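Asker:
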Ligand code: NAD
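Numbering (the working numbering), first residue to last: 4 to 479.
#1: With DSSP collapsed to three states, give me the class of residue 81.
#2: Is the segment 399-415 in contact with the segment 293-302, if contact means three or more CB pairs nearer than 8 angstroms?
#3: Would you check whether the ligand FMN has a heavy atom nearer than 7 angstroms to the C-beta of residue 75?
#4: On the three-state DSSP scale, how would you describe residue 288?
#5: Does the structure place the segment 64-78 close enough to the segment 182-201 that three or more beta carbon pairs sit under 8 angstroms?
#6: Looking at residue 177 and the ligand NAD, is the gap between the Cβ and the nearest heavy atom below 7 angstroms?
#7: Going by DSSP, what residue range makes up the beta strand (DSSP E) through residue 494?
#8: CB-CB under 7 angstroms to residue 302, same chain, minus the five flanking residues each way: which ones, in chain order?
#9: Consult DSSP for residue 169 and reduce its assignment to one of helix, strand or coil.
#10: Sorted by chain position, which residues of the same chain lie with C-beta nearer than 7 angstroms to residue 208's C-beta, five sequence neighbours on each side aside?
#11: In whole angstroms, give me the CA-to-CA distance for residue 129 and residue 476.
#12: Run the proximity test for residue 233: is its beta-carbon closer than 7 angstroms to any non-hydrogen atom belonging to the ligand NAD?
#13: Within the continuous beta strand (DSSP E) that includes residue 219, where are the two ends?
#14: Examine the ligand NAD and report whether any of its heavy atoms sits within less than 7 angstroms of the Cβ of residue 452.
#15: In terms of residues, what are the limits of the beta strand (DSSP E) holding residue 4?
#16: Kindly indicate which residue of 326, 226, 331 and 205 has the alpha-carbon position closest to the one of residue 374.
#17: What is the rounded straight-line gap between the Cα of residue 2 and the Cα of residue 227?
#18: Any chance the CB of residue 148 is under 7 angstroms from a heavy atom of the ligand NAD?
#19: Nearest by alpha-carbon distance to residue 215: which of 409, 145, 356 and 326 is it?
#20: Within the continuous alpha helix (DSSP H) that includes residue 333, where are the two ends?
#21: If distances are taken between C-alpha atoms only, which option among 180, 184 and 217 comes closest to residue 205?
#22: I need the straight-line Cα distance from residue 171 to residue 139, nearest angstrom please.
#23: To the nearest angstrom, how far is it from the Cα of residue 397 to the Cα of residue 284?
#24: Between residue 32 and residue 356, how many whole angstroms is the CB-CB distance? I'm expecting something under 8 angstroms.
#25: With H, G and I counted as helix, E and B as strand and the rest as coil, what does DSSP make of residue 244?
#26: Quick one, are the C-beta atoms of residue 123 and residue 133 less than 8 angstroms apart?
#27: Report, in whole angstroms, the separation of the C-beta atoms of residue 163 and residue 224, which I expect to be a contact under 8 angstroms.
#28: Following the continuous alpha helix (DSSP H) through residue 380, name the residue where it begins and the one where it ends.
#29: Check for me: the alpha helix (DSSP H) holding residue 268 runs from which residue to which?
#30: Kindly list the residues whose CB is nearer than 6 angstroms to the CB of residue 418, restricted to its own chain and excluding five residues on each side of it in sequence; keep chain order.
#31: Is it the case that the segment 454-466 contacts the segment 310-317, given that we only count it when at least three CB pairs across the two stretches are under 8 angstroms?
#32: Is the Cβ-Cβ distance between residue 445 and residue 230 less than 8 angstroms?
#33: Taking the beta strand (DSSP E) that residue 13 belongs to, which residues open and close that run?
#34: In or out: residue 441 buried (at least 16 other Cβ within 10 Å) or exposed?
#35: Count the other CB atoms, across all protein chains shown, that sit within 10 Å of the CB of residue 118; report buried if there are 16 or more and exposed otherwise.
#36: According to DSSP, simplified to helix, strand and coil, what is residue 236?
Take a look at the structure:
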């Protein structure tokens, strides 16, 4: 199989192309790297019908058989890891270390989710009467993914959906469809036909999915704005929804930290994946006692981070993934400049090719400035000064988002007290971005609805079903 040409969709276990295509662009060079099939309505309907046909046999397979096949998906990714890493860098832009992390994570997630099962719960088992609650699959699931971690976030949906007994129609972002299409191709002949269908197209294809009567659940990762639309249109047949949306995560740095060591952690916390990370530290609250020293250490370390084409050796951070996001960031930087914010580093965008934004650090802009209140989704980090713990908790929570947060302090108990008052689905203390297939992940407020990972996440791909049996009733 050639990873670098012939991109086709996977429906009913076979390759499908389309009359229309769209371009995939390498964001580091702006070169067109592939023609991507653009599914029309008829192709979409075929994909859903294929998933629907495959559902009865798949859902009736024992958990163990489904687990084994999902684990096998991890083997397939691992066997093709080098090609996936290269293709991921070409289509997404991320540097090698980031691509290795994503592909390695995809393997691990398949294997670990494949160890999960939802056992029936015998609530009552007395003479002649049993009450048993079990979990049953939903049917056809629609998976819709964004462009920042295209394969990993697809696996976060495919693995639990299939283990729980559903079949799936998966739609990658039109900006990063290539790894997902090749993943679909690899599964042909491994999974029963129709269990996993991968189709590519624009946002309209996503809308068809959310309105489709035959799709019982949408599992979506992307922006809050799109999440709202999905919630509205999924109401037609009361689809189940899991929405993993945007964030504007605060990092709170207490005055007792080791400044130099923490600076390094914070730079990666903020800029990993060129800050195109839902849980990047996006507002950095620093206690006034160490503000100047930490700001200096951050700038000094950030200067050592190399931004460039992710395929080149020695590059740490790649470009912004697409022109639309690149323009948004230019606009955000222009707003900061117009408002006289002080740039400690970066802020200047060089002429292309490539959608490159330098690592940018802004010195204590006003709390209500756009660079603080908006999710930048790019390497632009505001440093914010605080004195009082109550004040910083209030400011950290003063956002419509509630995805994650981090607290940095030598006093872990004190940090934990703060963590308990932060409105977010995950709060890390003295570490960040440690995910696990067995740990629940999900947003509060407008960062989402529902959970991914862990048995809670698996349960979201099921209905609860209770059977009450009375063997002593007079009817028998
Ligand atoms: P996006 O919402 O623009 O697109 C995501 C996906 O939704 C794409 O596949 C797109 O084609 C599809 N889509 C667009 N309009 C649709 C519609 N009306 N109906 C159905 N589908 C539609 O998001 P993006 O720009 O690709 O991703 C960036 C956003 O994702 C950021 O806000 C980021 O914080 C968020 N994100 C969240 C998480 C998380 O786990 N919470 C993880 C990664 C990214």
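Backbone N, C-alpha and C fix where the C-beta goes; we use that ideal spot for every residue, glycine too. Note that the structure is predicted; figures quoted are calculated from it, not measured.
Answerer: Let's see:
#1: Taking the chain shown and counting its residues from 1, the one referred to as residue 81 is at position 78. Residue state, collapsed to three classes: helix.
#2: no
#3: By its list of ligands, the structure shown excludes the ligand FMN, since it contains just the ligand NAD.
#4: On the chain shown, position 285 is the one that residue 288 refers to. DSSP places residue 288 in strand when its eight states are reduced to three.
#5: yes
#6: In the chain shown, residue 177 corresponds to position 174, counting from 1. Yes, the beta carbon of residue 177 sits closer than 7 angstroms to at least one heavy atom of the ligand NAD.
#7: Not covered by the structure: residue 494. The range shown for the chain is 4 to 479.
#8: Position 299 of the chain shown, counting from 1, holds the residue named residue 302. Same-chain partners within the cutoff: 347, 348 and 364.
#9: Numbered from its first residue, the chain shown carries residue 169 at position 166. If DSSP states are grouped into helix, strand and coil, residue 169 belongs with coil.
#10: For the purposes of this step, residue 208 is taken as the residue at position 205 of the chain shown. So the list reads 42, 47, 174 and 202, once near-sequence residues are dropped.
#11: Here residue 129 refers to the residue found at position 126 of the chain shown. Here residue 476 refers to the residue found at position 473 of the chain shown. Computed Cα separation, rounded: 13 angstroms.
#12: Within the chain shown, the letter at position 230 stands for residue 233. Checking the 7 angstroms criterion, the Cβ of residue 233 is within range of a heavy atom belonging to the ligand NAD.
#13: Taking the chain shown and counting its residues from 1, one reaches residue 219 at position 216. Start and end: 218-224.
#14: Position 449 of the chain shown, counted from the first residue, corresponds to residue 452. False, no ligand heavy atom lies under 7 angstroms from that Cβ.
#15: Indexing the chain shown from 1 puts residue 4 at position 1. That residue, residue 4, is in no beta strand (DSSP E); it is neither H nor E in DSSP.
#16: Translated into the one-based positions of the chain shown, residue 374 becomes position 371. Answer by Cα proximity: 331.
#17: The shown model of the chain, from 4 to 479, leaves out residue 2, and the question about it has no answer.
#18: As a first step, residue 148 is located in the chain shown; it is residue number 145 there, counting from the start. Yes.
#19: As a position in the chain shown, residue 215 is number 212, starting the count at 1. Checked all of 409, 145, 356 and 326; the closest Cα to residue 215 is 145.
#20: By one-based count along the chain shown, residue 333 stands at place 330. Residues 326-341.
#21: Within the chain shown, residue 205 is the residue found at index 202, counting from 1. The candidate whose alpha carbon is nearest that of residue 205 is 180.
#22: Numbered from its first residue, the chain shown carries residue 171 at position 168. Numbered from its first residue, the chain shown carries residue 139 at position 136. Approximately 15 angstroms, taken between the alpha carbons.
#23: Within the chain shown, residue 397 is the residue found at index 394, counting from 1. Within the chain shown, residue 284 is the residue found at index 281, counting from 1. Distance between the alpha carbons of residue 397 and residue 284: 17 angstroms.
#24: Locating residue 32 in the chain shown gives position 29, counting from the first residue. Locating residue 356 in the chain shown gives position 353, counting from the first residue. Yes, residue 32 and residue 356 are in contact; Cβ-Cβ is about 6 angstroms, under 8 angstroms.
#25: The residue given as residue 244 occupies position 241 in the chain shown. Residue state, collapsed to three classes: strand.
#26: Along the chain shown, read from residue 1 onward, the residue named residue 123 stands at position 120. Along the chain shown, read from residue 1 onward, the residue named residue 133 stands at position 130. Contact flag unset, no.
#27: Mapped onto the chain shown, residue 163 falls at position 160. Mapped onto the chain shown, residue 224 falls at position 221. Their Cβ separation, rounded to whole angstroms, is 13 angstroms, which puts residue 163 and residue 224 out of contact at 8 angstroms.
#28: Counted from its first residue, the chain shown places residue 380 at position 377. First-last for residue 380: undefined, no H or E at that position.
#29: Here residue 268 corresponds to residue number 265 of the chain shown, with the count starting at 1. Run containing residue 268: 262-274, per the alpha helix (DSSP H) assignment.
#30: As a working note, residue 418 is residue 415 in the chain shown. Excluding sequence neighbours, residue 418 sits near 410, 412 and 432.
#31: no
#32: Along the chain shown, one-based indexing puts residue 445 at 442. Along the chain shown, one-based indexing puts residue 230 at 227. No, the pair does not count as a contact, with Cβ atoms beyond the cut-off.
#33: As a first step, residue 13 must be located in the chain shown, where it is residue number 10. Segment 12-14, the beta strand (DSSP E) holding residue 13.
#34: Position 438 of the chain shown, counted from the start, is the residue given in the question as residue 441. Counting Cβ neighbours within 10 Å, residue 441 comes out exposed, since fewer than 16 surround it.
#35: One-based indexing of the chain shown puts residue 118 at position 115. Exposed is the call here.
#36: As a working note, residue 236 is residue 233 in the chain shown. DSSP places residue 236 in helix when its eight states are reduced to three.
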